[in-house]
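Note that the sequence shown covers residues 241 to 370 in our numbering.
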Amino acid sequence: APIAFLLAIVAVLEARVTFPNSEVIQAADLVNYEASFKCANGCKLYVDRWDDDLLITQNGKVLASFTEISGPQPYAPKGLVLAKGTNYKVQANTTQPVANFVLYSVSAGAANYGLSVAAPQGTTGIKFEG
241 APIAFLLAIV AVLEARVTFP NSEVIQAADL VNYEASFKCA NGCKLYVDRW
291 DDDLLITQNG KVLASFTEIS GPQPYAPKGL VLAKGTNYKV QANTTQPVAN
341 FVLYSVSAGA ANYGLSVAAP QGTTGIKFEG
């Protein structure tokens, strides 16, 4: 419950928040249509919506779109497991304003790594169900 509450606050504040084992990134955090994130020990990403123009890249190579990360049901995103590494980014493949989104990255070593994640639709945010 504390993590869900904290992520709800983050969704309202629209600001990047970095914890020791996780990170929350939103559209407002993109600089020149991109933002780097940590995945030094491996991580899993969750997103709250489909979008073919929002991409996860490493060293300029596209790894997945938000649509692929969400899977068939954006309210219960399947997530994307990334190997430990550097130079991971979320990038917008557009020159248009980017609609708000929430990207949640959790380190493979975090206590909440295996929890289910839900993305409420009609609002912005992600919550945990454990």
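The beta-carbon is built from N, C-alpha and C at its ideal position, and this holds for glycine as well. All values reported here derive from a predicted model rather than from experimental measurement.
{"query": "Whole-angstrom distance between I296 and L322, CA atom to CA atom", "result": "10 Å"}
{"query": "Cβ-Cβ distance between N333 and D293 below 8 Å", "result": "yes"}
{"query": "Exposure label - S262; buried when at least 16 CB within 10 Å", "result": "buried"}
{"query": "For F277, the three-state DSSP class (helix, strand or coil)", "result": "strand"}
{"query": "Span separating the alpha-carbon of L343 from that of I265", "result": "5 Å"}
{"query": "Assigned secondary structure, Y344 (DSSP; H/G/I helix, E/B strand, else coil)", "result": "strand"}
{"query": "Candidates P312, A275, P260, A267, of which the one nearest V330 by Cα", "result": "A275"}
{"query": "CB contact flag (C283, S356, <8 Å)", "result": "no"}
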